[in-house]
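Enquirer: Numbering (this note's numbering), first residue to last: 8 to 121.
Even glycine gets a Cβ: it sits at the ideal position worked out from N, Cα and C.
Here the structure is a predicted model, which means the values were calculated and not measured.
Before anything else, here's the structure in question.
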């Protein structure tokens, strides 16, 4: 069974940056669509960004122009570069694999202070 392990979360001031990483165990990472989702306090989990096996990307309107998703297939890792962070980006961020999604990471907390 695949394991997805996120890292890189933390506390940052508004306007700052963070880079999240998600490393997948197992093989065939390169064939899967990978994604980042988030759940803010009191809200449902929502899509942040996805990247296909060939590198096509998709973003939620709320993060377009500020966040960038990328992947390194040699390292079985997907990244989320987050710039110009806002307090409303505060959430637990989750990595996902596949479409339909077949695996989730445990989540990493991102807190943006005003």
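Just verifying my parser: in three-state terms, what is the DSSP assignment at residue 56?
Expert: Correct three-state label for residue 56: strand.
Enquirer: Any idea which residues DSSP pairs residue 95 with across the strands?
Expert: Partner(s): none; residue 95 has no beta bridge.
Enquirer: Under 9 Å, do residue 101 and residue 26 count as touching if we go by C-beta distance?
Expert: Not in contact: residue 101 and residue 26 (Cβ atoms no closer than 9 Å).
Enquirer: So the candidates are 39, 90, 86, 93; which of them puts its Cα closest to the Cα of residue 14?
Expert: Measuring from the Cα of residue 14, the nearest candidate turns out to be 86.
Enquirer: Buried or exposed: where does residue 33 fall if 16 or more other Cβ atoms within 10 Å of its Cβ makes it buried?
Expert: Exposed.
Enquirer: Using a 10 Å radius around the Cβ and a threshold of 16 neighbouring Cβ atoms, would you call residue 81 buried or exposed?
Expert: Exposed.
Enquirer: Looking only at its chain, what residues have a beta carbon closer than 6 Å to the beta carbon of residue 88, apart from the 5 residues adjacent to it on each side?
Expert: Contacts found: 26, 75.
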